[in-house]
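Enquirer:
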Amino acid sequence: MFAMSQSKALISGITGQDGSYLAEFLLGKGYEVHGIVRRVAIEDPEHRLARLDAIRSRIKLHAASLESYASIHQVVANVRPDECYHLAAQSFVSYSFDDEFSTLNANINGTHYMLAAVKNVVPQCRFYFAGSSEMFGKAEEVPQNERTRFHPRSTYGISKVAGFELTRNYREAYGLHGSNGILFNHESPRRGYEFVTRKITSGVARVVAGRSSELRLGNLDAKRDWGHAREYVEAMWLMLQQEQPDDYVIATGETHTVREFVELAFGLAGLNYRDYVAPDPELFRPAEVNVLLGDASRAKEKLGWSPRTGFEALVREMVEADCRLLGVEPKVRARVG
Ligand code: G4F
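Following this note's numbering, the numbering of the sequence shown begins with 2 at its first residue and continues without gaps.
1) Which residues in the same chain as P280 place their Cβ atom closer than 6 Å to its Cβ, once the five residues preceding and following it in sequence are excluded?
2) In or out: G338 buried (at least 16 other Cβ within 10 Å) or exposed?
3) Can you check which of these residues, T149, R154, F165 and D247, is closest to L116 by C-alpha distance?
4) Given the structure, does D281 come close to the ligand G4F, in the sense that its CB is under 8 Å from one of the ligand's heavy atoms?
5) Quick check on DSSP: helix, strand or coil for G328?
6) Which of the three DSSP states is assigned to I60 in this structure?
7) Using 8 Å as the threshold, is the segment 304-313 in touch with the segment 243-256, meaning 3 or more CB pairs across them?
8) Given 8 Å as the limit, tell me if V234 has its C-beta closer than that to any heavy atom belonging to the ligand G4F.
9) Have a look at W227, A223 and G271 and flag the residue whose alpha-carbon is nearest the alpha-carbon of F285.
10) Does the segment 307-323 come into contact with the segment 192-206, if we say contact requires no fewer than three beta-carbon pairs (one atom in each stretch) closer than 8 Å?
11) Give the straight-line distance between the Cα atoms of L105 and A288, rounded to the nearest whole angstrom.
12) Could you tell me whether the Cβ atoms of I73 and I15 are closer together than 9 Å?
13) Could you name the residues whose beta carbon sits closer than 5 Å to any heavy atom belonging to the ligand G4F, keeping them in chain order?
14) Check the DSSP bridge columns for E366 and list the partner residues they point to.
15) Rounded to whole angstroms, how far is the Cβ of P82 from the Cβ of A10, which I believe are closer than 8 Å?
16) Got a sec? Which residues, its chain only, sit under 6 Å from L53 by beta carbon, not counting five neighbours each side?
17) Let me confirm a value: G179 is counted as buried when at least 16 other C-beta atoms fall within 10 Å, else exposed. Which label applies?
18) At the level of alpha carbons, what is the spacing between G182 and R231?
19) Identify every run of the alpha helix (DSSP H) within the segment 243-319, keeping only runs that are complete inside it and at least 4 residues long; order them along the chain.
20) Taking its Cβ as the centre, do 16 or more other Cβ atoms sit within 10 Å of S6, making it buried, or is it exposed?
21) Just to confirm the assignment, what range does the alpha helix (DSSP H) spanning H113 have?
22) Can you tell which of G193, N291, L241 and S189 has the C-alpha that lies nearest to the C-alpha of R317?
23) Mark P124 as exposed unless 16 or more other C-beta atoms lie within 10 angstroms of its C-beta, in which case mark it buried.
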């Protein structure tokens, strides 16, 4: 199936938004691409492997559990990757308030198992950890850069700080080529429906299709730095091509409130969000991250990475894609006044 001389990449979380874009990107670069998936995904490919449909025959999937070191070790030993991208996690912040224990267990132990397997089996393998701007949490400064102190506001954020520190420790203690990406929010038509951007754009499509007349949302005043996921996975790859491992903020340098996103998404479809959006106190978080705004100067300088998709183009792409999924004409307006 694969030529002998190809570089091998192993991706955990390959079935997700970022994993699927990264797999496509690496195939385009000539990599032999392997992915770690849960056994249930292999047994239910129609639903769980949907994002990989276009490339399914060109990648190799391995069943393993992030809760089992033995299963991770076995996959790493079978594949012997040159580059390992650890993206898998319980990544929905809200859920981490409902089940703190499983978020901490899966995210911290899973990262530790991946690092230990790489160190024990293929110590020359380059390692990427998917850190998050949620690590900044109640940030002390705006914008946030690689030197900003972490103050996570959820067990999700805490688990990402632990993964970040584990990766840094493996770099310093064992000489692993391990890099941390501190990725700010990144979206696309492949985003899961539970995240606010996709919830909004799919909600707009449902209204346009006449299937719904209300969208319940929580805190509209939170500010996020939203970029396009397809571009953020390129930064992951660039980090592993550097001679020295390092930590990088990946962000657009622009921040918008959830309200601005909602207003634009409904506005692009010729609708006023005030006619459809209903506040739901249940959707507010016990501890909110109010403002995220990233300074990606280091990535620009050292990796030559910059974001290309602006806020309006991102929202437009997502609204159009969700309308198409419901078989309705998006009728997206050229510009919102
Ligand atoms: O879309 P969200 O759920 O993303 P959040 O919490 O910012 O986390 C995402 O980005 C992180 C990077 O910074 C990743 F590490 C993480 O894995 C994930 O990808 O919520 C965005 C904002 C929050 O302030 C939330 O309170 O939207 C607000 N919000 C308001 N109403 C809502 C809703 N969020 C969701 N999910 N659903 C709502 O109805």
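Virtual Cβ for every residue (Gly too), placed ideally from N, Cα, C. The model shown is predicted, which means the values in this text are computed figures rather than measured ones.
Expert: With the given structure in hand:
1) Residues of the same chain with their beta carbon placed closer than 6 Å to that of P280 are lacking, with the five preceding and five following residues left out of the count.
2) Interpretation of G338 is limited by its pLDDT of 45, a score under 50 that renders its predicted location unreliable; the figure taken from the coordinates is listed afterwards. Exposed, since its Cβ has fewer than 16 Cβ neighbours within 10 Å.
3) Out of T149, R154, F165 and D247, F165 has the C-alpha closest to the C-alpha of L116.
4) yes
5) coil
6) coil
7) yes
8) Distances taken from the Cβ of V234 to the heavy atoms of the ligand G4F include none shorter than 8 Å.
9) A223
10) When C-beta atoms of the segment 307-323 are compared with those of the segment 192-206, three or more pairs fall below 8 Å, so the two segments count as touching.
11) About 17 Å.
12) no
13) S92, V94, S133, S134, E135, N186, F196, V197, L218, G219, N220, A223, V259 and L284
14) In the structure displayed, the chain extends from 2 to 338; residue 366 sits before or after that span and is not available.
15) 6 Å
16) S21
17) Classification of G179: buried, given that the 10 Å Cβ count is 16 or more.
18) 15 Å
19) 259-269
20) exposed
21) Looking at the DSSP string, the run of the alpha helix (DSSP H) that includes H113 is G111 to V122.
22) Relative to R317, the option among G193, N291, L241 and S189 whose CA is nearest is S189.
23) exposed
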